[in-house]
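A.B. asks: Got a structure here, written out as structure tokens. Questions coming.
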Amino acid sequence: MTNRRDEEDYRDRDKLAHWDTQEYDAVFLEDLDVAAMTEQDRNARNIAAMSWYATIQAFERHGKKNGCHLVKVLPEGTTKRCAKCGVESDKPLWVREHSCPSCGLTVDREYNASLEVQRLGLERLGVEFEEKE
Numbered sequence: 000m001t002n003r004r005d006e007e008d009y010r011d012r013d014k015l016a017h018w019d020t021q022e023y024d025a026v027f028l029e030d031l032d033v034a035a036m037t038e039q040d041r042n043a044r045n046i047a048a049m050s051w052y053a054t055i056q057a058f059e060r061h062g063k064k065n066g067c068h069l070v071k072v073l074p075e076g077t078t079k080r081c082a083k084c085g086v087e088s089d090k091p092l093w094v095r096e097h098s099c100p101s102c103g104l105t106v107d108r109e110y111n112a113s114l115e116v117q118r119l120g121l122e123r124l125g126v127e128f129e130e131k132e
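Numbering follows numbering that gives the first Met the number 0, with no gaps: position 7 of the sequence shown is 6.
Right, here's the structure in full:
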């Protein structure tokens, strides 16, 4: 049973990495400290089952093959920092909406974090990027 699930996970990871690295010039991933996450989180088993390292390896392998840049960014602040103006605001984990007190941007917290990861990745590549209003 586990081998079948592992095989399916491998195929899914591989398909995702293949498609993303063919479709985009660059892929940005958070450089998560999975070991630390599994030590302190009550969801340690679920986090470990994600095989984050294997996912990164798949993206690295397909990125090289498809000429796509893979950029790992530090996750610190990505869910707290506003992707539009850069102001950080503390919020508990259960708050799923990002609402910036400075510029008024209101979006899903994960969407805001993804925009921030994209901005940090582009910054590491030396590319200037400005979100269109």
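Using N, Cα and C, we set each Cβ at its ideal position, and we do this for glycine too. Every value quoted in this text rests on a predicted model; they were computed, and no experiment measured them.
Using the C-alpha atoms, what's the distance from Q56 back to H17?
C.D. replies: Position 18 of the sequence shown, counted from the first residue, corresponds to residue 17. Position 57 of the sequence shown, counted from the first residue, corresponds to residue 56. Roughly 12 Å separates the two Cα atoms.
A.B. asks: For T77, which of F58, H61, F27 has the nearest alpha-carbon?
C.D. replies: Stepping through the sequence shown from its first residue, residue 77 is reached at position 78. Answer by Cα proximity: F27.
A.B. asks: Between which residues of its own chain and I89 is the CB-CB distance below 8 Å, once the five residues before and five after are set aside?
C.D. replies: As a working mapping, residue 89 is identified with position 90 in the sequence shown. Before going on, a small fix: residue 89 reads as Asp here, not Ile. Here the set comprises K79.
A.B. asks: For V86, count neighbouring C-beta atoms within 10 Å of its own C-beta (all shown protein chains included) and say buried if the count is 16 or more, exposed if not.
C.D. replies: In the sequence shown, the residue the question calls residue 86 occupies position 87. Classification for V86: exposed.
A.B. asks: Just the Cα atoms here: how many angstroms apart are C67 and V126?
C.D. replies: Position 68 of the sequence shown, counting from 1, holds the residue named residue 67. Position 127 of the sequence shown, counting from 1, holds the residue named residue 126. If I take the Cα positions, the gap works out to 15 Å.
A.B. asks: Would DSSP call K71 helix, strand or coil?
C.D. replies: Along the sequence shown, one-based indexing puts residue 71 at 72. Taken through DSSP and simplified to helix, strand or coil, K71 comes out as strand.
A.B. asks: State the Cα-Cα distance for the pair A82 and N111, rounded to the nearest angstrom.
C.D. replies: Counting from one through the sequence shown, the residue named residue 82 turns up at place 83. Counting from one through the sequence shown, the residue named residue 111 turns up at place 112. So the two alpha carbons sit approximately 6 Å from each other.
A.B. asks: Output needed for M0: all residues of its chain with C-beta closer than 7 Å, excluding positions within five of it in sequence on either side, in chain order.
C.D. replies: Residue mapping note: residue 0 aligns to position 1 of the sequence shown, counting from 1. Model confidence at M0 stands at a pLDDT of 48, short of 50, so the residue's coordinates are unreliable; what they give is reported in the following sentence. Answer for M0: no residue qualifies.
A.B. asks: May I ask you to report which of helix, strand or coil DSSP gives S138?
C.D. replies: Residue 138 falls outside the range modelled here, since the chain spans only 0 to 132, and no answer is possible.
A.B. asks: Mind checking A58: buried by the 16 CB within 10 Å criterion, or exposed?
C.D. replies: If you number the sequence shown from 1, residue 58 lands on position 59. Residue 58 is actually Phe in this sequence, not Ala. F58 should be labelled buried.
A.B. asks: Tell me the residue span of the beta strand (DSSP E) that contains V26.
C.D. replies: The residue given as residue 26 occupies position 27 in the sequence shown. Run containing V26: 25–29, per the beta strand (DSSP E) assignment.
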